[in-house]
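Colleague: Numbering (our numbering), first residue to last: 8 to 188.
Ideal placement from N, C-alpha and C gives every residue a C-beta, glycine not left out.
Submitted below is the structure of interest, expressed as structure tokens.
Right, dumping it as structure tokens:
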């Protein structure tokens, strides 16, 4: 893809991630949203570099004060329990893109790449959440409470988003790679 096309698509996926944050179902410490769908799609369709840049753009815009995070926006968002997941989303997009660049964009490869992308999402998000809940907010949160409320309840929803990502991207990937005259 051309650099201009990649920049436009990165901006689009930053915006889609923001829209995904606005479509949410709250839980006690987090929310069900469509963000992971758009993060995974950014990795598949944009690749590691531009997928990562799309998510970093989203994070920077939110930290600058735009109310585009599930918890709002501004620098204070860093003290919210879910902020670590935003950092994990950037890592997820990069890893998904890295795998797709090497293995191709077939349905099961996309599913596998997205499932592996959940590892950095949760590996960064859960410890951050636990520290904010227990140290900053001083809640009597056990590690199990954090894992349950920050990951386990979301895994079936994540699995559905992975399948939807693969179904959409297997069609969109070749279309985005076509040269236009």
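Only counting the same chain, and skipping five residues up and downstream in sequence, which positions put a Cβ closer than 6 angstroms to that of residue 160?
Modeller: So no residue of the chain qualifies.
Colleague: Could you tell me which residues DSSP pairs with residue 76 in its beta bridges?
Modeller: Paired residues: 79.
Colleague: Run through the DSSP bridge pairs and tell me what residue 31 is partnered with.
Modeller: DSSP output for residue 31 lists 40 as bridge partner(s).
Colleague: Determine whether the beta carbon atoms of residue 164 and residue 39 lie at a separation below 8 angstroms.
Modeller: Yes.
Colleague: Helix, strand or coil, according to DSSP, for residue 185 in the structure here?
Modeller: Coil.
Colleague: Is it true that the CB of residue 107 sits closer than 8 angstroms to the CB of residue 123?
Modeller: Result no, Cβ atoms of residue 123 and residue 107 do not sit closer than 8 angstroms.
Colleague: Could you name the residues of the same chain whose beta carbon sits closer than 7 angstroms to that of residue 25, not counting the 5 residues immediately before and after it, in chain order?
Modeller: So the list reads 65, 75, once near-sequence residues are dropped.
Colleague: Can you give me the start and stop residues for the alpha helix (DSSP H) that residue 134 sits inside?
Modeller: 114 to 138 is the span of the alpha helix (DSSP H), which, as asked, contains residue 134.
Colleague: Helix, strand or coil: which one does DSSP assign to residue 163?
Modeller: In the structure shown, residue 163 sits in a helix (DSSP, three-state: H, G or I).
Colleague: Report the start-end ranges of each beta strand (DSSP E) in the region 40 to 64 that is 3 residues or longer and not cut off at the edges.
Modeller: Those beta strand (DSSP E) runs which fall completely within the region 40 to 64 and span 3+ residues do not exist here.
Colleague: Grab me the residues of residue 27's own chain with a C-beta within less than 6 angstroms of its C-beta, minus the 5 sequence neighbours each way, in chain order.
Modeller: Counting only Cβ-Cβ distances below 6 angstroms, and skipping sequence neighbours, we find 40, 41, 42, 45.
Colleague: For residue 114 and residue 176, what's the separation of their Cα atoms in angstroms?
Modeller: Taking the straight line from one Cα to the other gives about 8 angstroms.
Colleague: Is residue 151 buried or exposed, if buried means 16 or more other CB atoms sit within 10 Å of its CB?
Modeller: Exposed.
Colleague: Run the CB neighbour count on residue 54, radius 10 Å, all protein chains shown included, and call it buried at 16 or more, exposed below.
Modeller: Buried.
Colleague: When you compare the CB positions of residue 112 and residue 154, do they come within less than 8 angstroms of one another, or not?
Modeller: Their beta carbons are not under 8 angstroms apart, which means residue 112 does not touch residue 154 by this criterion.
Colleague: Could you give the DSSP three-state label for residue 111: helix, strand or coil?
Modeller: In this structure, residue 111 counts as coil in the three-state DSSP scheme.
Colleague: For residue 174, which residues in the same chain have their Cβ closer than 8 angstroms to its Cβ, ignoring the five residues on either side in sequence?
Modeller: So the list reads 114, once near-sequence residues are dropped.
Colleague: If I'm right that residue 91 touches residue 143 with Cβ under 8 angstroms, what's the distance once you round it to whole angstroms?
Modeller: Actually they do not touch by this definition, with Cβ atoms about 12 angstroms apart.
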